[in-house]
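Note sheet for the following structure.
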């Protein structure tokens, strides 16, 4: 209970919020203020008031505990109090550790018609946990078990962030006291240094906002002990390896300001791409919206930055309670998707037992979408309309031609959100696309869906798969400007355990082998995928490391020719110069051929070698419609692949399009393939290819 709020102050606050609060209620409150049950109810009312949740639940809670007769209750609280009386949850101790999951299941489902009752129950459980600090260890564990498996996940689902983290932290404290104390001790050990660092960062961000005339509020954000423990376990990290022990939150007025501030932060400090999440464009199933990014801030320390609007922050803290609108005598029912989740989760607790509900399964955030007939369908997070279609019926997925979500046509790569209404548009005959099987293209979010698509292609004519696969290989190699002989392709087929070149084509056409797998077997080393934050700040050498070997010779100076800029696995040749050692060209380079005609004696055999540090340059050309965000979108995609742009030029064409040319430093052509795929998915882009 907050020591700054007295009983009288709370009652006066209730009276100011609820006109039907009667003066005679004061006497009853004063009379019972030392009763343990009333004290618990009063602490719950204090807690709800601190969360800025509207007054009616507090009024009803206190009147319910006082036993005020129905005819003497304010009209607006009567229905609410009737719900509280369904199982008489406070006076019977139904929220205590003694009640079974089955009892709790019935209670929560009974109260689904008025979600405010569930919020009061969750708030009351916070008070139960606070008061359990002095209880015996066995009782603490029993209370914490119910809290961890039932109450905290429900608070999370309803978006009640404050309630959720308190329940999680208290439950963790009772269930794993040693681990809790270890983290708490490490947090406290350098608290002063960390707090001063955050204050310095806040000052820098405030100056940045002022320079750009953006109104904003910047605060340090407390990382809760349970969330730290969960991340340490999920990612198998030590406390010192966590990115977001140091964190700030920026609140601004509009969504546009959110993205503007994100760009400013990324300009100020180096971002770590894999730690970026856009929950504004893709909200969590509980409605949470925010931008999350991790940057290398001053002193090369990692810093988590959350950016959202004031309204998003209010919604994040209060969840369902942020949008309550009441009429006299009416409640607010829980929505169908949340109700389905509630039933499923509570049923799992009963079926598997509380001890079997793992942390991962509790917080697995699936999405619930609806058919046009109103039937709820559960899908994994990240699912698309194709996943929805194949979940309904394989035949429906095979005939899918498009989709409507909430009445509007959407691309098949659209990521479904909670409560979306999905309608599948079909053709008469099955005709899946081979592109659907490529995870990086984003058509499907489920491996099960891709398995169903592959099964369809396996059932088709082998000759059809062969021709399609051959076309896919030729198209991709042409786009990457890579030339391979049939003999080289046969060697690739052997590396991929195919009996012949035709067998390779047929497997690619059927989706058994992807283009990405083919590219990964091309000559030259694959790029490393392991992310190392140190690489983000390590200075790049001004001269790219080619790693090229000159056959039959010792180490000679080699230089990548700027006219054709070869990259692995291009077929290459060497030309001996007077002052620059051996220049490396593509064998089909016009300049290379002209020079050899004049000086054939200067030709020398070279190959790519195998050094891990090889970095070569590739020129990319993009044609697109005019779009103010185009360069930013391309830069973000390049950053996501951990590539570096060395120069970029853009010019306007007569037909109102834009031509963009830029040079990348790459290790291997499969990086280029992935990047071109993603650039070509930008709506404004007409084509993107390697020159």
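Numbering (my numbering), first residue to last: 52 to 742.
C-beta atoms are modelled at their ideal positions from N, C-alpha and C, and glycine is treated no differently.
The structure presented is a predicted model; accordingly, all values stated were derived computationally and were not measured.
Checklist entry - Just how far apart, CA to CA, sit residue 428 and residue 421? => result 6 Å
Checklist entry - Rounded to a whole number of angstroms, what is the C-alpha to C-alpha distance between residue 798 and residue 519? => result The displayed coordinates of the chain run from 52 to 742. Any statement about residue 798 would go beyond what the structure contains.
Checklist entry - What are the boundary residues of the alpha helix (DSSP H) that residue 217 is part of? => result 212-226
Item to check | C-alpha gap between residue 145 and residue 226, whole angstroms | outcome: Any reading at residue 145 must be qualified, since the residue scores a pLDDT of 40, below 50, and its modelled position is unreliable; the value itself is stated next. Going by the C-alpha atoms only, they are around 21 Å apart.
Next on the checklist: Please state whether the Cβ-Cβ distance between residue 632 and residue 613 is less than 7 Å.
Outcome noted: no
Item to check | residue 500, buried or exposed, once every other Cβ within 10 Å from all chains shown has been counted against 16 | outcome: buried
Checklist entry - Which runs of the alpha helix (DSSP H) spanning at least 4 residues fall entirely within the stretch 618-683, listed in chain order? => result 641-649
Item to check | Reference residue 560; option with closest CA among 712, 517 and 322 | outcome: 517
Next on the checklist: Quick check: the stretch 294-305 against the stretch 351-366, are at least 3 beta-carbon pairs closer than 8 Å?
Outcome noted: yes
Next on the checklist: In chain order, what are the residue ranges of uninterrupted beta strand (DSSP E) at least 3 long that sit wholly in the stretch 268-315?
Outcome noted: 298-303
Checklist entry - Per DSSP, what kind of secondary structure is residue 364 in: helix, strand or coil? => result helix
Checklist entry - Considering only residues of the same chain and omitting the five flanking positions on each side of residue 691, which have a CB-CB separation below 7 Å? => result 324
Item to check | CA-to-CA distance, residue 494 to residue 531, given in whole angstroms | outcome: 23 Å
Item to check | In DSSP terms, what residue 80 is bridged to | outcome: In DSSP, residue 80 forms no bridge with anything.
Next on the checklist: Whether or not the stretch 647-659 and the stretch 706-713 are in contact is what I'm after, with contact meaning three or more pairs of Cβ atoms, one per stretch, closer than 8 Å; do they touch?
Outcome noted: no
Checklist entry - When DSSP labels each residue in this structure, what does residue 330 get in the three-state scheme? => result coil
Item to check | Assumed close pair residue 218, residue 230 - CB separation to whole angstroms, cut-off 8 Å | outcome: Residue 218 to residue 230, Cβ: 17 Å. No contact.
Next on the checklist: Could you check whether residue 368 and residue 423 sit closer than 7 Å to each other, using their CB atoms as the reference points?
Outcome noted: no
Checklist entry - Looking at C-alpha atoms only, which residue of 451, 267 and 228 is the closest neighbour of residue 257? => result 267
Next on the checklist: Can you tell me where the alpha helix (DSSP H) holding residue 98 begins and where it ends?
Outcome noted: 87-101
Next on the checklist: In the DSSP output, what is residue 419 paired with across the bridge?
Outcome noted: 429
Checklist entry - Secondary structure at residue 352, three-state DSSP: helix, strand or coil? => result strand
Checklist entry - From 349, 352, 334 and 329, pick the residue whose C-alpha is nearest to that of residue 343; which is it? => result 329
Next on the checklist: Comparing C-alpha positions only, which one of 688, 729, 200 and 698 sits nearest to residue 327?
Outcome noted: 688
Next on the checklist: Using only the alpha-carbon positions, how far apart do residue 638 and residue 271 sit?
Outcome noted: 58 Å
Item to check | Range of the contiguous alpha helix (DSSP H) that encloses residue 14 | outcome: Outside the shown range of the chain, which is 52 to 742, sits residue 14, and nothing can be said about it.
Item to check | residue 466 versus residue 455 - alpha carbon distance | outcome: 12 Å
Checklist entry - Does DSSP classify residue 733 as helix, strand or coil? => result coil
Item to check | Cβ distance (whole Å) where residue 679 is taken to contact residue 711 below 8 Å | outcome: Wrong, their Cβ atoms sit about 13 Å apart, outside the cutoff.
Checklist entry - Can you name, in chain order, every residue of its own chain whose Cβ lies under 7 Å from the Cβ of residue 736, other than the five neighbours on each side? => result 673, 675 and 730
Item to check | Option nearest residue 307 by Cα separation, candidates 700, 293, 235 and 341 | outcome: 341
Checklist entry - Can you give the Cα-Cα distance for residue 667 and residue 718, rounded to whole angstroms? => result 6 Å
Checklist entry - Could you give the distance in angstroms between the alpha-carbon of residue 535 and the alpha-carbon of residue 523? => result 14 Å
Checklist entry - Hey, would you say residue 625 sits closer than 7 Å to residue 635, going by beta carbons? => result yes
Item to check | Extent of the continuous beta strand (DSSP E) to which residue 713 belongs | outcome: 708-717
Checklist entry - Buried or exposed: which applies to residue 724, given that a residue is buried once 16 or more other Cβ atoms fall within 10 Å of its Cβ? => result buried
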